Amino acid sequence: MPETAAIRQGAFDQLAARAAAVTFTPCPPAARFVFRGRPAGFAAAGDAFGVALPQTACRAATTGSRSALWLGPDEWLLLAEDGAVAAIEAAFADRLGQQPHSLVDVSHRNTAVEIAGPAAADVLNAGCPLDLRLEAFPVGMCTRTLFAKAEIVLWRTDAQRFRVEVWRSFAGYLWGLLDEIRREHAA
Amino acid sequence: MLLIPCPHCGERPEIEFRYGGEAHVARPADPSALDDEAWAAYLYLRNNPKGLHAERWRHIHGCGRYFNVLRDTVSDKITATYKAGEPRPDLPATEAAE
Ligand SMILES: [Zn+2]
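Those sequence lines, one after another, are chains A and B.
Residue numbering for the first sequence follows the numbering used here, beginning at 264 and increasing consecutively.
Residue numbering for the second sequence follows the numbering used here, beginning at 1029 and increasing consecutively.
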């Protein structure tokens, strides 16, 4: 007699576990800027935005609803609540008006998706060659990089959660490829 | 995949980078004072050493910055990387031939 109890499991259990291994969630609309400037203006820019610009390479800082992501030694991606564009522009003009800098509104150029779950890093690694182990890419680390042929900004917001910023024309490419990888990963 | 140490970001995969040609090629301060031969030399003549070569790379899909690399053209080994504007490290030939 075969031991039926030992192999019995709900038909959906495994499927549900696979589906939960990684989830893709579109991020809500946001105000976004790319700020570039000279060291003399970094502190004032942080004051204007409400988040001190991180000086450590590849690190993000968050205060309330606003985040500043280090992209380069004089370049940051600034993320804020939707609708804050005019207020942020005014604040920068006020604090940095006389200093050479650039503040480019990229709110609608970029879009973002959250990749979360125990398999998030594995699925991302199918298209991104960075070392995404927690010790090499800790929570709070962010960087411009590549996902297959799309340039992205990858930001680890939690041990098993990443925010991927991508140019909106790449959204279909990114999602389609991620979805294909997810299915392969679950197989 | 080769790992290239960006002086800003640390070791990163080579596909994030673009090659930028020989480093430390200074643009003449007064181009109009040069004859054609000297101008052509500035534009087109480059070293092609067998061994250590100082060259520019750009971390285009990372921090976006140009920086300099000392690479052995025989072994492809990268001996040093340093920020743009910094002088070429004075490495002995023995280390270069390593
Ligand atoms: Zn870099």
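Think of the CB as a built atom: it goes at the ideal place given N, C-alpha and C, for glycine as much as any other residue.
All figures in this text were calculated on a predicted structure; none of them were measured in a lab.
With 7 Å set as the bound, which would you pick, yes or no: does the beta-carbon of G1048(B) sit closer than that to a beta-carbon of chain A?
For this step, residue 1048(B) is matched to residue 20 along the second sequence. No, because no Cβ of chain A sits closer than 7 Å to the Cβ of G1048(B).
Using only the heavy atoms of ligand 1, determine whether one of them is closer than 6 Å to the beta carbon of H1089(B).
In the second sequence, residue 1089(B) corresponds to position 61, counting from 1. Every heavy atom of ligand 1 is 6 Å or more from the Cβ of H1089(B), so no.
How many Å lie between D1100(B) and P1059(B) at the Cα?
Indexing the second sequence from 1 puts residue 1100(B) at position 72. Indexing the second sequence from 1 puts residue 1059(B) at position 31. Approximately 32 Å between the Cα atoms of the pair.
Between P1117(B) and chain A, is there a C-beta pair that is closer than 7 Å?
The residue given as residue 1117(B) occupies position 89 in the second sequence. Not one chain A Cβ lies under 7 Å of P1117(B).
Within its chain, find whatever has a CB closer than 8 Å to the CB of D421(A); leave out the 5 residues flanking it on each side and keep chain order.
On the first sequence, residue 421(A) is found 158 positions in, with the first residue counted as 1. Contacts found: A379 and V402.
Is H1036(B) near ligand 1, going by C-beta to nearest heavy atom under 6 Å?
Here residue 1036(B) is taken as the residue at index 8 of the second sequence, counted from 1. Under cutoff, so the answer is yes.
Can you look up E428(A) in the DSSP assignment and give me helix, strand or coil?
For the purposes of this step, residue 428(A) is taken as the residue at position 165 of the first sequence. In this structure, E428(A) counts as strand in the three-state DSSP scheme.
For the pair the region 1054-1069 of chain B and the region 292-302 of chain A, tell me if three or more CB-CB distances fall below 8 Å.
no
State the CB to CB distance for the pair P1041(B) and T1109(B), rounded to an integer number of angstroms; the pair is presumed to be in contact (CB under 8 Å).
The residue labelled residue 1041(B) in the question sits at position 13 within the second sequence. The residue labelled residue 1109(B) in the question sits at position 81 within the second sequence. Actually they do not touch by this definition, with Cβ atoms about 15 Å apart.
Quick check: the region 379-391 of chain A against the region 309-318 of chain A, are at least 3 beta-carbon pairs closer than 8 Å?
no
Would you mind telling me which residues of chain A sit closer than 8 Å to G1092(B), beta carbon to beta carbon, in chain order?
Here residue 1092(B) is taken as the residue at index 64 of the second sequence, counted from 1. Within chain A, the residues near G1092(B) are L334, G335, E338 and R407.
Since H364(A) contacts F298(A) with CB under 8 Å, what's their CB separation in whole angstroms?
Numbered from its first residue, the first sequence carries residue 364(A) at position 101. Numbered from its first residue, the first sequence carries residue 298(A) at position 35. Rounded, the Cβ-Cβ distance is 7 Å, consistent with contact.
Cβ distance (whole Å) where L366(A) is taken to contact E352(A) below 8 Å:
Position 103 of the first sequence holds residue 366(A). Position 89 of the first sequence holds residue 352(A). The Cβ separation is near 7 Å, so the contact holds.
At a CB distance below 8 Å, what residues from the region 1029-1054 of chain B approach chain A? Give them in sequence order.
M1029, H1036, C1037, G1038, R1040, P1041, I1043 and E1044
Between I444(A), R271(A) and L387(A), which lies nearest to R424(A) when the distance is taken from Cα to Cα?
Along the first sequence, read from residue 1 onward, the residue named residue 424(A) stands at position 161. Measuring from the Cα of R424(A), the nearest candidate turns out to be L387(A).
Under the DSSP definition of a beta bridge, which residues are partnered with D368(A)?
Here residue 368(A) corresponds to residue number 105 of the first sequence, with the count starting at 1. F296(A).
Nearest chain B C-beta to P392(A) closer than 7 Å, yes or no?
Start at 1 with the first residue of the first sequence, and residue 392(A) comes out as number 129. Yes, its Cβ sits closer than 7 Å to a Cβ of chain B.
From A1082(B), A1054(B), L1030(B) and A1066(B), pick the residue whose C-alpha is nearest to that of D1118(B); which is it?
Translated into the one-based positions of the second sequence, residue 1118(B) becomes position 90. Closest by alpha carbon: A1082(B).
Delimiting residues of the beta strand (DSSP E) encompassing P1115(B)
The residue labelled residue 1115(B) in the question sits at position 87 within the second sequence. Run containing P1115(B): none; DSSP gives neither H nor E here.
What does E398(A) reach in chain B if we use C-beta pairs closer than 7 Å?
Residue mapping note: residue 398(A) aligns to position 135 of the first sequence, counting from 1. Under the 7 Å cutoff, chain B gives no residues; its nearest Cβ is about 13 Å from E398(A).
Compare the C-beta of A1124(B) with all C-beta atoms of chain A and state if any pair is closer than 7 Å.
For this step, residue 1124(B) is matched to residue 96 along the second sequence. The predicted model places A1124(B) with a pLDDT of 45, which falls under 50 and marks its position as unreliable; any figure quoted below should be read in that light. Chain A contact via Cβ: absent.
For T406(A), which beta-bridge partners are listed by DSSP?
For the purposes of this step, residue 406(A) is identified with residue 143 of the first sequence, where counting begins at 1. Beta-bridge pairing links T406(A) to L417(A).
Check distances from the C-beta atoms of the region 413-435 of chain A to those of chain B and list, in chain order, the residues that come in under 8 Å.
E414
For V391(A), which of A350(A), F355(A) and L440(A) has the nearest alpha-carbon?
The residue given as residue 391(A) occupies position 128 in the first sequence. What sits at residue 391(A) in the sequence shown is Cys, not Val. Answer by Cα proximity: L440(A).
My guess is that N373(A) and V427(A) are in contact by the Cβ rule of under 8 Å, so how many angstroms apart are they, rounded?
Taking the first residue of the first sequence as 1, we reach residue 373(A) at position 110. Taking the first residue of the first sequence as 1, we reach residue 427(A) at position 164. About 10 Å separates the two Cβ atoms, so there is no contact after all.
As assigned by DSSP and simplified to three states, the class of F1095(B):
Here residue 1095(B) refers to the residue found at position 67 of the second sequence. Reduced to three states, the DSSP call for F1095(B) is strand.
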